[in-house]
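Below: one structure, written as structure tokens.
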Amino acid sequence: MLRATFLWIAIVMLYTGRALAAPLPGYFLSLAVYRPASNHVYAYADLSTKTFALNGAFGSTGSVPVVGDFDGNGVHDIAVYKAGVWRFDTSHNYTVASTVNFGGAAGDIPLAGDFDGDGVADLVIYRGGTWFIRGSKPGNTVTQRTLGGANDKPVIADFDGDGVPDIATYQAGTWVIRNSLGNTTTVDHFGGLAGDQPCAADWDHDGRADLCIYREGIWYFKSVGVASLLDSYAFGGHGDIPLPGGAFDYASPIYVRAGASGTQNGTAAQPFATISQAVAAAVTGSVIRVAAGSYSGNLLWLGPLHPGGKNNIKLLGVDRRAVALNGGATTTDAVTLVGTTGNIIERFTISAPSRFGIQMYGGPGSFSASDPGTTLALAFSTISDTTKDGIFISGTGSFADIRHNYIGNSQTKSGIVATDLATSASPAATIAYNEIAFNGYTLASGADGNGILATDSAQFTINGNYIHDNNRFGILGVTNSQLTVTRNTVVANQLNGIILCGPAANDTTTAQISANRIADNGVNLQNGQGYNGVEIFQTCIGAQVVSGNTFDSNSLNGLFIGGGAVTATSNVFTNNATGMAVYVDDNSSTNTSADIFGNAFTGNLLDGVFIDLFPGTSKSITATIGGTTAGQANSFTNQNSQAGSRGIGCNTSSAAVTCPTGGNTFSGNSSDIQSTCPSTCVK
Ligand SMILES: [Ca+2]
Ligand SMILES: [Ca+2]
Ligand SMILES: [Ca+2]
Ligand SMILES: [Ca+2]
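Mapped onto the working numbering, the consecutive letters of the sequence shown carry residue numbers 3 to 685.
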């Protein structure tokens, strides 16, 4: 048994944590323990340097510690509860700043969480399965919920990652989580030894709290629904009470609170009233903590080449539900960053009724070529109701890391755009785990408004997003851009789900499109035929890889290939008008070639694969469909929903189509291979 009775021994000798992926920039996750024997609280400010933000005695015999941001300034505080009285140390000086009476029945268990979304922790009493939640908004309305029983231990954390706390119970290794998202219940198993103390924290920084067990000085972590242990970490000792998941800054943040008056110097006691004041006062590396409220945007954030410019600013709101940053009615963005690097924005709701939500530029190809590229990490925020793009990125060296946000409802433009004045520039972004939706919603269907637009050699990695209901395309990559598109859900966009290459000939845009669900795109039927799940437009001359995706119920083709070289492997095509179309005409920049291996075509309304060589064109189609090597065979099943539907169709025998003998499987089709296909395409 690992046991640490002396804190520093525990830290130095028993550290068993393994390296995780780098945390999100600006993600201040910390741990604390409360030692009842001495009423001492130890709270790390920083888990890597192991500096202490809190290290002192607070409370008295019988006190129960609770962590939360009780004054809503963005930094977590400790409270102690005893016999119905809560005592708060919001100044972090181990003295009682205020008290509240709440609870007091024998066996009551105190907790905290911001249920009402005002950026201030609400007080919670768990009493034998009834949760009494005392809201922090004026009036302190108490609401009740039920989950668990007398022998359960209660836990509060945001397990489903929607930004709203969830309640959970633990007993003997069984966890019951009531998710705020859909009010669903999740049961998991972790821990269970006598003396195990349940806790929760987002240890892997994916936006969802992970289960935690504190056992004799070791913290064990496991993600909900994942069998394996995520990590372990040594901190604390026998008899200590774990206090997970706070942000206990030690390095004097600059504080901002809407409505602050009188002397304003950015301290906790005398915060600035505006974010602009804080940005002006910041130096490279500053952390700005923004309390609940509405703030006017028009933030201009300049890099070191400009007087007073700076890098590495962390602008952290207390909660996206509580902090609004509005670009205002003038012709300005909510936030403009120019030639500044290493910046972070988290937990805001950003709107811009006259321009961009966030505009980043700097570097060759941008409006300010003499500046360096601008870099920004944006997380846990909402960008909506902009007139122009939600996020606009421009210039060589500019890079945005965009995770766990909602980016939608641009009135007339797109969610995330990288573009340049010069096509040789290469702004870049990693776009992961966002919802990107309803962009262009005020326009006629198809007029404008993409989820994501990459142009001018932009380099985008697009992973795990939910991209839906955009007014034009879900993802548009043009003008020599490079895209990696994996594990996204791309559904119900008005035109194509994903389209590559633009109107100009010889577009070298390339994409690797893998493991996505691409469904119900082409909502707009006004052209009489619909649109595609993925369209590789005729100007493409690069090599594309489309693998492991599901194409379901797109209104025209699941995959349309209009030019260039495409490898399509291990995809599933169901219920599209046509599974895959391979096309060429004289508007195509190159001949079309396709390697089509290991796909399943089931129940598409017309053909599984349709080879469509435009009559009289000077261009050619070369396609290989299936093969006898393991993994090469495609299956064509139940392509029979209407007359004329086939497994493989061809409009001419002039295309160079090879379907090797025994290289595909066919079942239940109206016709397996159309008679007009060339003699090189056989069963
Ligand atoms: Ca606080
Ligand atoms: Ca609250
Ligand atoms: Ca939640
Ligand atoms: Ca997590």
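The C-beta atom is built at its ideal place from N, Cα and C for all residues, glycine as well.
Which of the three DSSP states, helix, strand or coil, is assigned to residue i?
| i | result |
| --- | --- |
| I277 | helix |
| A260 | coil |
| A282 | helix |
| L1 | The question about residue 1 has no answer here: the residues shown for the chain are numbered 3 through 685. |
| L717 | The chain is shown from 3 up to 685; residue 717 falls before or after that span and cannot be answered. |
| C652 | strand |
| F348 | This sequence places Glu at residue 348; Phe is not what is there. In this structure, E348 counts as strand in the three-state DSSP scheme. |
| S590 | coil |
| K316 | strand |
| M3 | Legend: pLDDT at M3 = 31, less than 50; position of this residue unreliable, value from coordinates given subsequently. Of the three classes helix, strand and coil, the one that applies to M3 here is coil, per DSSP. |
| T511 | coil |
| Q199 | strand |
| H240 | coil |
| Y96 | coil |
| N671 | coil |
| F603 | strand |
| T332 | coil |
| G665 | coil |
| T580 | strand |
| F117 | coil |
| H191 | strand |
| W205 | coil |
| D154 | coil |
| A657 | coil |
| S252 | Checking the displayed sequence, the identity of residue 252 turns out to be Tyr instead of Ser. It is coil, neither helix nor strand. |
I'd like to confirm something about residue i: is its beta-carbon nearer than 7 Å to some heavy atom of ligand 1, or not?
| i | result |
| --- | --- |
| T92 | yes |
| F72 | yes |
| H240 | no |
| N465 | no |
| V325 | no |
| D251 | no |
| V77 | yes |
Taking the beta carbon of residue i as the centre, do at least 16 other beta carbons fall within 10 Å, making it buried, or is it exposed?
| i | result |
| --- | --- |
| P255 | buried |
| K390 | buried |
| D116 | buried |
| H94 | buried |
| A331 | exposed |
| A402 | buried |
| L231 | exposed |
| A123 | buried |
| N551 | buried |
| L195 | exposed |
| I135 | buried |
| V285 | exposed |
| N523 | buried |
| D674 | buried |
| G665 | buried |
Residue i: beta carbon under 7 Å from a heavy atom of ligand 2?
| i | result |
| --- | --- |
| G319 | no |
| D164 | no |
| V547 | no |
Can residue i be considered in contact with ligand 4, in the sense that its beta carbon sits closer than 7 Å to one or more heavy atoms?
| i | result |
| --- | --- |
| A211 | yes |
| S225 | yes |
| D204 | yes |
| D208 | yes |
Is any non-hydrogen atom of ligand 3 found closer than 7 Å to the C-beta of residue i, if you look at the structure I gave you?
| i | result |
| --- | --- |
| I167 | Note that residue 167 is Pro in the sequence shown, not Ile. Yes, since a heavy atom of ligand 3 falls inside the 7 Å radius drawn around the Cβ of P167. |
| L113 | no |
| N181 | yes |
| F161 | yes |
Would you say residue i reaches chain B, if we count a Cβ-Cβ gap shorter than 8 Å as a contact?
| i | result |
| --- | --- |
| Q199 | Of the protein chains in this structure there is only one, and it is not chain B. |
Decide yes or no for the touch test of the segment 315-331 against the segment 281-298: beta carbon pairs closer than 8 Å, at least 3 of them. yes
Is there contact between the segment 360-380 and the segment 332-350, where contact requires at least three CB pairs shorter than 8 Å? yes
Counting pairs of Cβ atoms below 8 Å between the segment 524-533 and the segment 440-457, do you hit three or more? yes
If you scan the segment 428-498 from start to end, which runs of the beta strand (DSSP E) of 3 or more residues do you find wholly inside it? 430-434, 437-439, 454-456, 461-465, 468-470, 477-479, 484-488, 491-493
Jot down the residue ranges of each uninterrupted beta strand (DSSP E) in the segment 514-572, minimum 3 residues, whole runs only, in chain order. 519-521, 536-538, 545-549, 552-554, 559-563, 566-571
Do the segment 157-166 and the segment 182-195 make contact, defined as three or more Cβ pairs closer than 8 Å? yes
Ignoring anything shorter than 3 residues, give me the beta strand (DSSP E) runs that lie fully in the segment 605-639, in order along the chain. 611-615, 623-627, 636-639
Check whether the segment 59-72 and the segment 271-278 touch, using three or more Cβ-Cβ pairs below 8 Å as the test. no
Beta strand (DSSP E) runs contained entirely in the segment 361-434, provided each spans 3 or more residues: 377-381, 384-388, 393-396, 401-405, 408-410, 418-420, 430-434
Are the segment 210-219 and the segment 120-139 touching by the rule of at least three beta carbon pairs closer than 8 Å? no
Assess, as a yes-or-no matter, whether the segment 143-155 is touched by the segment 75-91 under the definition of 3 or more beta carbon pairs within less than 8 Å. no
For the segment 36-78, list the beta strand (DSSP E) runs that are entirely contained and at least 3 residues long, ordered along the chain. 42-48, 53-59, 66-70
Stretch-stretch touch, CB-based, cutoff 8 Å, three pairs: the segment 369-379 with the segment 408-415: no
Do the segment 465-474 and the segment 539-551 touch if we need at least three Cβ pairs shorter than 8 Å? no
Would you say the segment 613-628 touches the segment 639-648, given that touching needs at least three Cβ pairs under 8 Å? no
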